[in-house]
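Visitor:
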Amino acid sequence: MAAMGIITKFTNCRILRDHKIFWEDLWVRDGKVIDPLKLFYVEKKHYDRVVDLEGALVSPGFIDLQINGGFGVDFSHDLLKDPSGLDKVAKGILAHGVTSFCPTIVTSKAHVYQRILPLLKRRKGGIWGAEILGAHVEGPFISAEKKGAHSEADICEFENEISTVQQIYGDLNNIMIVTLAPEKKNALKVVNALSSQGIVVSFHHRDPGIVGLLGMDSKSTVYYGVIADGIHTHHSTLRIAYKSHPEGVVLVTDAISAMGLGDGNHYLGEKVIQIKNGRACIAGTSTLCGSVATMIDCISHFIRAIRCPLVEALEAASMHPAAVLGLETKKGTLNYGSDADFVVLDDSLSILSTWIRGECVYSKKTEK
């Protein structure tokens, strides 16, 4: 982190703020975005250093709520052997503009959760990697009919309500999100119990799906995760969901261990995964088992596929996921007082640099 009290002015840049992109300097002190007018007229201070961004675009840092691994590391299996794999992924995703994430654990046996979840402690981001916001546990309380690549043998019911959840997961302290099937018996009681502990509950694949959910009468914003990799969701479905409820779309990667490895056969736990033209399937089948897309890949595809405005695509990867977690006053915007987590992009949406709390944690210029 930059030295305490040092005021940095990022200049010659276009900033995404308040749903608009405009030319303005970005001022940072002690890891926070600050108001230059208060600095000048109240504190009677000026900047200590200047960073010229050469006309680039500055977006709030991306937040990935669903990422199963990457760069050869699978969170649900490989961390049992080598916990340092978490650091490898946290470091690797900086190059793709991700400043915060929720490492995701898929349907597993109880002893796996109880050994892995203690490793997924919340951790501030920095040069060592993106911030860990807490774990996303996808399963084992999901639908067997909509299991995808999840292990059907490990899918569970809420037999004793929240007690069953605690018996499976163990300590809940490191959990930020639980994805479950709402149609299961006792699910509503479990949802209420988890929510009372500050855990966000997400609904797994279900009927009637996104369109049906958006038709509900709700006083609060309904958020829905979309894997905009050009494979998981058809363009027409993306377009309908976006047009129906643009303020609720949340871009997630659902990336697996093969992200960053290229085409070929790779292991996902004990399963062999075949990657071909960016499509990840269980070898010998057409069953999708996650994505190999990066967050900036998803943003770029979202814009191309449905002609989404740049501002809204960037907000779907930053402001919206922050709001899902109740972190909208700290993350996902460049408003005054928010964490100075941001990504610098060129006009083709290539990542030039990534910053966490005002510190450069990735630079394309110095990339080896």
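Just so you know, we're using the UniProt record's numbering here: the sequence shown kicks off at 1 and counts up by one. Glycine included, each C-beta is placed from N, C-alpha and C at the ideal position.
1. Fully enclosed by the region 108-172, which alpha helix (DSSP H) runs are 4 residues long or longer?
2. Shortest alpha-carbon distance to valine 73 belongs to which of Gln66, Val324, Leu65 and Pro83?
3. How close, in whole Å, do the beta carbons of serine 318 and lysine 330 come, if the pair is a contact with beta carbons under 8 Å?
4. What does a CB cutoff of less than 7 Å around glycine 264 pick up in its chain, not counting 5 residues either side in sequence?
5. Could you give the distance in angstroms between the alpha-carbon of arginine 206 and the alpha-carbon of alanine 181?
6. Anyone know if the C-beta pair for histidine 136 and glutamine 66 falls short of 9 Å?
7. Can you give me the start and stop residues for the alpha helix (DSSP H) that isoleucine 303 sits inside?
8. List the whole-angstrom C-beta distance separating phenylalanine 62 from glycine 69, where the pair is believed to meet the contact cut-off of C-beta under 8 Å.
9. What is the rounded straight-line gap between the Cα of aspartate 346 and the Cα of leucine 16?
10. Fully enclosed by the region 203-283, which beta strand (DSSP E) runs are 3 residues long or longer?
11. Ordered along the chain, which non-local residues of its own chain (more than five positions away) have a Cβ less than 6 Å from that of arginine 123?
12. Residues in its own chain within less than 8 Å of methionine 295 by CB, not counting five upstream and five downstream?
13. When DSSP labels each residue in this structure, what does aspartate 85 get in the three-state scheme?
14. What does proline 103 pair with, by DSSP beta-bridge criteria?
15. If I measure Cβ to Cβ from tyrosine 242 and keep anything under 7 Å in the same chain, skipping five residues before and after, which residues do I get?
16. What residue from Lys365, Val344 and Ser348 has the CA that sits closest to tryptophan 355's CA?
17. Enumerate in chain order the residues of its own chain whose CB-to-CB distance from residue 455 is below 6 Å, with the five nearest sequence positions on each side excluded.
18. Consult DSSP for asparagine 192 and reduce its assignment to one of helix, strand or coil.
19. If distances are taken between C-alpha atoms only, which option among Lys109, Ser195, Lys189 and Tyr267 comes closest to isoleucine 155?
20. Terminal residues of the continuous beta strand (DSSP E) containing methionine 176?
21. Alpha helix (DSSP H) containing leucine 349: first to last residue?
22. My output table needs one value for proline 92: the three-state DSSP class, helix, strand or coil.
23. On the DSSP bridge assignment, give the partners of lysine 45 in chain order.
24. What number of angstroms, rounded off, separates the C-alpha of tyrosine 41 from the C-alpha of leucine 86?
25. Work out the CA separation of isoleucine 21 and threonine 11 for me, nearest whole Å.
26. In or out: arginine 304 buried (at least 16 other Cβ within 10 Å) or exposed?
27. Which value, in whole angstroms, describes the spacing of the CA atoms of glycine 269 and glycine 139?
28. Any idea what DSSP makes of aspartate 339, helix, strand or coil?
29. If I measure Cβ to Cβ from glutamate 328 and keep anything under 6 Å in the same chain, skipping five residues before and after, which residues do I get?
30. Take the Cβ of aspartate 174 as the centre, count every other Cβ of all protein chains shown within 10 Å, and call the residue buried at 16 or more, exposed below.
31. Does arginine 49 pass the burial test, meaning 16 or more other C-beta atoms within 10 Å, or should it be called exposed?
32. Would you kindly report the start and end of the unbroken alpha helix (DSSP H) that includes valine 324?
33. For phenylalanine 10, which of helix, strand or coil comes out of DSSP?
34. Hey, quick one: how far does the beta strand (DSSP E) through glutamate 312 stretch, first residue to last?
35. What number of angstroms, rounded off, separates the C-alpha of glycine 262 from the C-alpha of alanine 280?
Guide: The answer reads as follows:
1. Taken in chain order, the whole alpha helix (DSSP H) runs of length 4 or more contained in the region 108-172 are 110-116 and 162-169.
2. Translated into the one-based positions of the sequence shown, residue 73 becomes position 73. Closest option to valine 73, judged by alpha-carbon separation, among Gln66, Val324, Leu65 and Pro83: Pro83.
3. As a first step, residue 318 is located in the sequence shown; it is residue number 318 there, counting from the start. As a first step, residue 330 is located in the sequence shown; it is residue number 330 there, counting from the start. Taking 8 Å as the upper bound for CB-CB distance, serine 318 and lysine 330 are not in contact here, some 12 Å apart.
4. One-based indexing of the sequence shown puts residue 264 at position 264. Once the five neighbours on either side are set aside, the close Cβ partners of glycine 264 are Ile275.
5. Indexing the sequence shown from 1 puts residue 206 at position 206. Indexing the sequence shown from 1 puts residue 181 at position 181. For arginine 206, the predicted structure reports a pLDDT of 49, less than 50, and the residue's modelled location is therefore unreliable. A value from the coordinates is still provided. If I take the Cα positions, the gap works out to 8 Å.
6. If you number the sequence shown from 1, residue 136 lands on position 136. If you number the sequence shown from 1, residue 66 lands on position 66. For histidine 136 and glutamine 66, yes; Cβs fall inside 9 Å.
7. Locating residue 303 in the sequence shown gives position 303, counting from the first residue. Unbroken alpha helix (DSSP H) run through isoleucine 303: 295-306.
8. Residue numbering aside, residue 62 sits at position 62 when the sequence shown is read from its first letter. Residue numbering aside, residue 69 sits at position 69 when the sequence shown is read from its first letter. The C-beta separation of phenylalanine 62 from glycine 69 comes to about 17 Å, leaving the pair out of contact by the 8 Å criterion.
9. Working through the sequence shown from its first residue, we reach residue 346 at position 346. Working through the sequence shown from its first residue, we reach residue 16 at position 16. Computed Cα separation, rounded: 13 Å.
10. Assignment of beta strand (DSSP E) within the region 203-283, counting only whole runs of 3 or more residues, yields 224-226, 249-251, 264-268, 271-276 and 279-282 in chain order.
11. For the purposes of this step, residue 123 is taken as the residue at position 123 of the sequence shown. Cβ contact annotation for arginine 123 (same chain, cutoff 6 Å, sequence separation greater than five): Ile132, in chain order.
12. Counting from 1 along the sequence shown, the entry for residue 295 is found at position 295. Shown here for methionine 295: same chain residues with a beta carbon closer than 8 Å to its own, the five before and five after excluded, namely Phe62, Asp64, Ile93, His96, Gly97, Val98, Leu251, Thr253 and Ala317 in chain order.
13. Taking the sequence shown and counting its residues from 1, the one referred to as residue 85 is at position 85. Per the sequence presented here, residue 85 reads as glycine, with aspartate not at that position. Residue state, collapsed to three classes: helix.
14. Position 103 of the sequence shown, counted from the first residue, corresponds to residue 103. Answer by DSSP bridge pairing, in chain order: Ile67.
15. Start at 1 with the first residue of the sequence shown, and residue 242 comes out as number 242. Cβ contact annotation for tyrosine 242 (same chain, cutoff 7 Å, sequence separation greater than five): Val249, Ile306 and Cys308, in chain order.
16. Within the sequence shown, numbered from 1, the residue matching residue 355 stands at position 355. Residue Val344 is the option with its Cα nearest to tryptophan 355.
17. Because the chain is modelled from 1 through 368, residue 455 falls outside the range shown and cannot be assessed.
18. The residue given as residue 192 occupies position 192 in the sequence shown. For asparagine 192, the secondary structure class from DSSP, reduced to helix, strand or coil, is helix.
19. Locating residue 155 in the sequence shown gives position 155, counting from the first residue. Taking only the C-alpha atoms, the option nearest isoleucine 155 is Lys109.
20. Reading the sequence shown from its first residue, position 176 is the one you call residue 176. From DSSP, the beta strand (DSSP E) with methionine 176 extends over 175-180.
21. Counted from its first residue, the sequence shown places residue 349 at position 349. From DSSP, leucine 349 is part of no alpha helix (DSSP H); its letter is neither H nor E.
22. The residue labelled residue 92 in the question sits at position 92 within the sequence shown. In the sequence under discussion, the amino acid at residue 92 is glycine, which differs from the proline named in the question. Residue state, collapsed to three classes: helix.
23. Numbered from its first residue, the sequence shown carries residue 45 at position 45. Beta-bridge pairing links lysine 45 to no other residue.
24. As a first step, residue 41 is located in the sequence shown; it is residue number 41 there, counting from the start. As a first step, residue 86 is located in the sequence shown; it is residue number 86 there, counting from the start. If you take the alpha carbons of tyrosine 41 and leucine 86, they lie about 45 Å apart.
25. Taking the first residue of the sequence shown as position 1, residue 11 is located at position 11. Taking the first residue of the sequence shown as position 1, residue 21 is located at position 21. The alpha-carbon atoms of threonine 11 and isoleucine 21 are separated by roughly 14 Å.
26. The sequence position of residue 304 within the sequence shown is 304, counting from 1. Arginine 304 should be labelled exposed.
27. In the sequence shown, the residue the question calls residue 269 occupies position 269. In the sequence shown, the residue the question calls residue 139 occupies position 139. Rounded to whole angstroms, the separation of the alpha carbons of glycine 139 and glycine 269 is 16 Å.
28. Numbered from its first residue, the sequence shown carries residue 339 at position 339. If DSSP states are grouped into helix, strand and coil, aspartate 339 belongs with the strands.
29. For this step, residue 328 is matched to residue 328 along the sequence shown. Within the same chain, glutamate 328 has close Cβ partners Ala322.
30. As a position in the sequence shown, residue 174 is number 174, starting the count at 1. In the sequence as displayed, the identity of residue 174 is asparagine instead of aspartate. When all chains shown are included, asparagine 174 counts as buried.
31. Numbered from 1 along the sequence shown, position 49 holds the residue referred to as residue 49. Burial call: exposed.
32. Taking the sequence shown and counting its residues from 1, one reaches residue 324 at position 324. Unbroken alpha helix (DSSP H) run through valine 324: 319-324.
33. Taking the first residue of the sequence shown as position 1, residue 10 is located at position 10. The DSSP-derived three-state label of phenylalanine 10 is strand.
34. Residue numbering aside, residue 312 sits at position 312 when the sequence shown is read from its first letter. Careful: glutamate 312 lies outside any beta strand (DSSP E), inside the alpha helix (DSSP H) at 310-316.
35. On the sequence shown, position 262 is the one that residue 262 refers to. On the sequence shown, position 280 is the one that residue 280 refers to. Approximately 10 Å between the Cα atoms of the pair.
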